[in-house]
Amino acid sequence: MPAPASRSRLSADGPVLDGIPEHGRVPRYYAVKVELLAVIAELGEGAVLPTERELCDRFGVSRATVRQAVAELVLEGRLTRRQGSGTYIAAPKLVQPLALASRPRVRPGRTVITLERRPAGRALAADLQVTSDAEVCHVERVLLAGEERVGLESTYLLASRFPDLLAVFDPERPLEGCLSERLGAVAHGAEERVETVLATPREALLIGTNPAVPMLLTHRIAWGQDGVPFERVRSLYRGDRLSFTTRLGRAD
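Mind the numbering: the sequence shown is residues 36 to 287 in the working numbering, read in order.
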C-alpha cells in the first residue's frame, strides 16, 4: 500500500519531492528513497551506506522496500556497489559542456581500442555523403575521467581526405589536435543528437559498467568550411557518472 510522505521531514526544494502528488501518498519505496537522499547528503561522498537491516529498522519498512529504493539510487549514480564490501555514497556526476570544443572539468584520458580502415557501409556513407564502399578510418577509444572509465567513443573519418591519419596519429594525444595541427582539418560546424540507450555486452565490458545502467549516446556529424561532412562521432557515456550542460541564447 502507498505510504503518506512526511513533508515535515522532506525538503521542499528536493528534486525527488516533485514526484509526490498533492494528496501526499506515494509508494513506500519512493518515500524511503527520498529519506535516503537526506542520508546521502549527511554522510557525504565515499561514506558507506548503513546495512539493509539498519535501514529497515530506521525507516520501519521491509528489506524488499529498501532494496528497491537503493537500486534506483544506484541506477541514478547516487550510490555505488562494491562487491563484497558494501554500498557507498558515489561522487557527484561529472559535468561535460556540450560543445565542439570544451574544457573538461577533470583530467581527461583515452585508451585506444581500435585503429583500422574499413568500408563505410550504407548508414555511415549517407552521413558522410559518400558511397557505401568508400573507406573510412575508424578510431575507437575508451574515455577516462582521471582513472575512471566513463565512456566509449568511435570516430569515423574519410580515408580519402585523411590518407595518412593512422600513420601520424599518436594515441597518447587528442585526435582533435592531430586533425587540426597535422592534417589541417578544423570543424566549421556540427550537428549533434543525444539519446538514452543501454550498452551492448561488449560496450559494457569496455566501459566497466552494468549493462542495465542507462547510457547517454551522442551522434555528431562535423563539416568543414566548405560545408562537406568529414567526420562522424558516436560517443557513449555512463548515465550514472556524466551529465551535459550547454548555454542557450537569442539568435541575432
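The beta-carbon is built from N, C-alpha and C at its ideal position, and this holds for glycine as well. The model shown is predicted, which means the values in this text are computed figures rather than measured ones.
For residue i, name the three-state secondary structure that DSSP assigns.
{"i": "GLY259", "result": "coil"}
{"i": "GLU80", "result": "coil"}
{"i": "ARG282", "result": "coil"}
{"i": "GLU230", "result": "strand"}
{"i": "GLY156", "result": "helix"}
{"i": "PRO127", "result": "coil"}
{"i": "VAL147", "result": "strand"}
{"i": "VAL61", "result": "strand"}
{"i": "ALA222", "result": "coil"}
{"i": "ARG116", "result": "strand"}
{"i": "ALA180", "result": "strand"}
{"i": "GLU207", "result": "coil"}
Please report the straight-line C-alpha distance between residue i and residue j, rounded to a whole angstrom.
{"i": "PRO278", "j": "PRO154", "result": "Residue identity check: residue 278 is Ser in the sequence provided, not Pro. Going by the C-alpha atoms only, they are around 33 Å apart."}
{"i": "PRO249", "j": "THR115", "result": "14 Å"}
{"i": "GLU111", "j": "TYR272", "result": "13 Å"}
{"i": "ALA180", "j": "THR146", "result": "11 Å"}
{"i": "ILE242", "j": "THR253", "result": "16 Å"}
{"i": "PHE204", "j": "LEU159", "result": "22 Å"}
{"i": "ASP162", "j": "GLU183", "result": "32 Å"}
{"i": "VAL165", "j": "PRO264", "result": "10 Å"}
{"i": "ALA329", "j": "ASP261", "result": "One cannot answer for residue 329 here, as it falls past the ends of the chain, which runs 36 to 287."}
{"i": "ASP199", "j": "GLU170", "result": "13 Å"}
{"i": "THR122", "j": "VAL185", "result": "20 Å"}
{"i": "VAL83", "j": "LEU233", "result": "28 Å"}
{"i": "GLU151", "j": "LEU251", "result": "25 Å"}
{"i": "PRO206", "j": "GLU266", "result": "18 Å"}
{"i": "ARG228", "j": "VAL268", "result": "11 Å"}
{"i": "LEU214", "j": "THR100", "result": "52 Å"}
{"i": "ARG282", "j": "VAL96", "result": "43 Å"}
{"i": "ALA73", "j": "THR235", "result": "34 Å"}
When the Cα of residue i is compared with those of the options, which residue comes out closest?
{"i": "GLU211", "options": "PRO264, ALA202, LEU252, THR190", "result": "THR190"}
{"i": "THR149", "options": "VAL221, GLU183, PRO246, LEU187", "result": "LEU187"}
{"i": "ASP168", "options": "LEU193, GLU182, VAL174", "result": "LEU193"}
{"i": "ILE124", "options": "ASP261, LEU233, LEU71, ALA257", "result": "LEU71"}
{"i": "PHE197", "options": "VAL185, ALA234, GLU230, VAL174", "result": "VAL174"}
{"i": "ARG63", "options": "THR281, ARG102, ASN245", "result": "ARG102"}
{"i": "GLY119", "options": "GLU80, ALA99, THR86", "result": "THR86"}
{"i": "LEU178", "options": "GLU238, VAL96, VAL69", "result": "GLU238"}
{"i": "VAL24", "options": "GLY79, LEU108, GLU80", "result": "Since the first residue shown for the chain is 36 and the last is 287, residue 24 is missing from the structure and cannot be characterised."}
{"i": "ALA126", "options": "VAL96, GLY95, ALA247, GLY79", "result": "GLY79"}
{"i": "ARG208", "options": "THR100, ALA73, GLY144", "result": "GLY144"}
{"i": "THR244", "options": "HIS223, ARG157, ASP275", "result": "ASP275"}
{"i": "SER195", "options": "ALA202, CYS172, ARG176", "result": "CYS172"}
Based on the DSSP output, what are the partners of residue i in its beta bridges?
{"i": "SER189", "result": "GLU175, ARG269"}
{"i": "LEU163", "result": "Answer is none; LEU163 lacks a bridge partner."}
{"i": "GLU89", "result": "Answer by DSSP bridge pairing: none, since GLU89 is not bridged."}
Any 3 or more C-beta pairs closer than 8 Å across the segment 256-273 and the segment 85-92: Contact between the segment 256-273 and the segment 85-92 is absent, because fewer than three Cβ pairs lie under 8 Å.
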